[in-house]
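The sequence shown begins at 1 in UniProt numbering and counts up one residue at a time.
Each residue gets a CB set at the ideal place from its N, CA and C atoms; glycine is no exception.
Since the model is a prediction, treat every value here as computed from it, not as a measurement.
To start, the structure under review is shown below, and the notes come after it.
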Amino acid sequence: MKKILLLIITVQYSIFSQDLLIKTSDNYNFSYESSVQNIEEIVTKCESFNNFINKELKLSRDIGLRDILVFKTKTSYNYYLQSIGVKEREDYILIQYSNNSSKLIIYLDDEDPNKSLNYHLILQYMAFYASDAPYWFTIGISTYYECSNRSNWIDLLQRTNNKENIFTTLLNSDRESIKPYHSWIVIDFLINSKDKGYNRLLWDTLSYIKYSDQENKELIINRNFSTYKLDKDLYAYLLEQKGYEEYMNIGIDQYQNKEFEKAIKNFLLALKLEENQYSPEYYLALCYSQLEDYNRSNSHFTLSLDKGAPKDVVYYSIGINYFKERNFKQAKKYLDEIEDKMYIKMAEEVLNEIRKY
């Protein structure tokens, strides 16, 4: 599970000794090292995502620009963190200064330089426009709009012991103990519930955050949410959800019961949730093989291999498909490539059958 935490750290304001270049856009002030060559690309990404999130949440007001500090390397990034008394870290960080200003700090030399950029942009958006929102609400909004498809969190939530009391657990948790997946499922429920009252609760809360001048908004929002049967209704909603593991388990049961068409539907749903997993591809291949659609079966076997399935397992399965089609030349080609001792023995049995022809 990806560890996602809101890290708004209060520190004394610090001036970084290195000279930085400045770039201003519609919603941001960018400070960046001169070695950063692709600042225009970063500006475009940030503005594009800001437009998306503001279209969804509609919280923006004319209260200034947000600050983003961009470092070329993780080394210079961590050097800056050390200069302001913050421990080195792998991910980006949103700093809250003692004068109530904030700054999103990112670096670029990473295999996936935008791995959590969207998440931190939402955090900054919420900190800027909705600083008095409950912490669980901010985390839920940020995790949902960074990535609404979190089938692994559905699987995790369905295995937890307190799934009947998720919202109560959130309200009674301090910042350090709040689980991001608890916050995420609440927002997911509010957005996707068939009960329009819960949809309105979310949008009314966002409107209240934007327009109300009342103090103690966090307390008032929590109290308002507590008037709903959130634990009960959220639990019922969670039971209706299926994650990757459940779709796979249902599909495997159907495959074993020779309900191949039904199994295919569930494996496709699992694949939609976790497109980089090889298991759905492999089981789809098995289903199509049983339906004697060998071309489609071999295609899924090949895709499973591309995604990390064991080579000998896949080659043996493809070899069997060609054997069933009586394409012995192709069957022999794949079976001869097998190296694992267990599968060599199995392949040899098929090769002996081929030699009879």
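Does the separation of the CB atoms of residue i and residue j fall below 9 Å?
| i | j | result |
| --- | --- | --- |
| Y235 | K163 | yes |
| L65 | N27 | yes |
| Y228 | Y208 | no |
| L303 | Y283 | no |
| D213 | I166 | no |
| K265 | G251 | yes |
| Y334 | Q290 | no |
| E146 | N118 | yes |
| K74 | S35 | no |
| Y322 | A331 | yes |
| Y135 | L59 | no |
| L94 | L104 | yes |
| I63 | I122 | no |
| I354 | L238 | no |
| D293 | E218 | no |
| Y315 | E337 | yes |
| Q96 | A127 | yes |
According to DSSP, residue i sits in a beta bridge with which residue or residues?
| i | result |
| --- | --- |
| S102 | Q96 |
| I68 | F30 and L104 |
| L21 | Y32 |
For residue i, report the span of its alpha helix (DSSP H) as first-last.
| i | result |
| --- | --- |
| D231 | L230 to E240 |
| S226 | K217 to S226 |
| R200 | K196 to Y211 |
| L59 | Careful: L59 lies outside any alpha helix (DSSP H) and carries neither H nor E. |
| Y80 | K74 to S83 |
| I338 | Looking at the DSSP string, I338 is not in any alpha helix (DSSP H), and its letter there is neither H nor E. |
| Q254 | Y244 to Q256 |
| Q124 | L117 to Y129 |
Which one of the options has the shortest CA to CA distance from residue i?
| i | options | result |
| --- | --- | --- |
| N295 | Y278, K262, S317 and K307 | S317 |
| A130 | K210, N29, G85 and Q96 | K210 |
| I187 | L201, I141 and E146 | I141 |
| T138 | I250, H182 and I154 | H182 |
| S151 | T73, E240, Y92 and Q124 | E240 |
| K23 | Y80, D67 and I106 | D67 |
| E281 | M342, H300 and L20 | H300 |
| D19 | C46, V70 and S48 | V70 |
| Y247 | L268, L238 and R175 | L268 |
| W203 | F225, V314 and L104 | F225 |
| E41 | S25, N54 and K55 | S25 |
| A347 | V313, N54 and K55 | V313 |
| C46 | R61, F30, T169 and L59 | F30 |
| T143 | I185, I106 and E176 | I185 |
| S116 | D132, S102, Q96 and D91 | D91 |
| N38 | L305, D109, Y97 and K324 | D109 |
| C287 | R200, H120 and F260 | F260 |
| D195 | S101, R89, K341 and D233 | D233 |
| A309 | K329, K324, A285 and D293 | A285 |
| K311 | D293, D340 and E292 | D340 |
| F189 | K179, I106 and L201 | L201 |
| E275 | D253, R175, K262 and K307 | K307 |
| Y32 | R61, G319, Y77 and S48 | Y77 |
| F328 | N192, I338, K258 and L351 | L351 |
| R326 | K262, Y357, R61 and E349 | Y357 |
| R223 | D253, K258, T168 and I191 | T168 |
| K242 | E215, D253 and L156 | L156 |
| Y107 | Q96, Y79 and T160 | Y79 |
Does any heavy atom of the ligand PLP sit closer than 8 Å to the C-beta of residue i?
| i | result |
| --- | --- |
| K272 | Ligands in the displayed structure: none, and consequently the ligand PLP is not present. |
Item to check | Sequence ranges, alpha helix (DSSP H) only - wholly within the region 258-326, length at least 4 | outcome: 260-273, 279-290, 294-306 and 311-324
Checklist entry - Going along the chain, which unbroken runs of the beta strand (DSSP E) with 3 or more residues stay wholly within the region 24-57? => result Taken in chain order, the whole beta strand (DSSP E) runs of length 3 or more contained in the region 24-57 are 28-32.
Item to check | Continuous alpha helix (DSSP H) assignments of at least 4 residues falling wholly in the region 131-189 | outcome: 135-146, 151-159 and 166-171
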